[in-house]
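Down below is the structure, laid out as structure tokens.
Residue numbers (our numbering): 28 to 155.
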């Protein structure tokens, strides 16, 4: 955030572009925080073999939430900031929902399932 006024100058010297970039940088920073949560929880779901759940949460959050909200805000006085707000809200929603799914998963069952898959893989590799 300390370089939000200078970051765009690396790529462009147009004052309007530099100001617009500086204006959306707080939303970009918020987005990065949520993206970390989303990445770790999405990775946990994929590791459990439940990637279809993460895909469904993402599709619903982005196509039913982020896009309509972002487009509405963008064309009702918020501009580019409105698009970023829509994205941030959706990503926080995805992160929270995926976190809840991971946190309340039956980990005993997930460990048993992982052992079964690992034993099948070892058996297939070694011809058992």
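Using N, Cα and C, we set each Cβ at its ideal position, and we do this for glycine too.
Our two residues, residue 86 and residue 137, have alpha carbons roughly 25 angstroms apart in a direct line. When secondary structure is reduced to three states using DSSP, residue 73 falls in the helix class. Between residue 65 and residue 125 a beta carbon distance of about 7 angstroms is seen, short of the 8 angstroms cut, so the two are scored as contacting. Look at residue 67 here: in three-state DSSP terms it is helix. Counting every other CB atom within 10 Å of its CB across the protein chains shown gives residue 91 a total below 16, marking it as exposed.
If you draw a straight line from the Cα of residue 122 to the Cα of residue 139, it comes to about 26 angstroms.
Boundaries of the alpha helix (DSSP H) around residue 140: 134-153. Between residue 60 and residue 72, the C-beta spacing is not below 9 angstroms.
At a Cβ-Cβ threshold of 9 angstroms, residue 116 and residue 83 do not count as neighbours. A direct Cα-to-Cα measurement between residue 110 and residue 74 gives close to 31 angstroms.
Of 76, 58, 68, the smallest CA-CA separation from residue 114 is found for 58. The beta-carbon distance between residue 47 and residue 107, rounded to whole angstroms, is 6 angstroms. This is short enough to meet the 8 angstroms contact definition.
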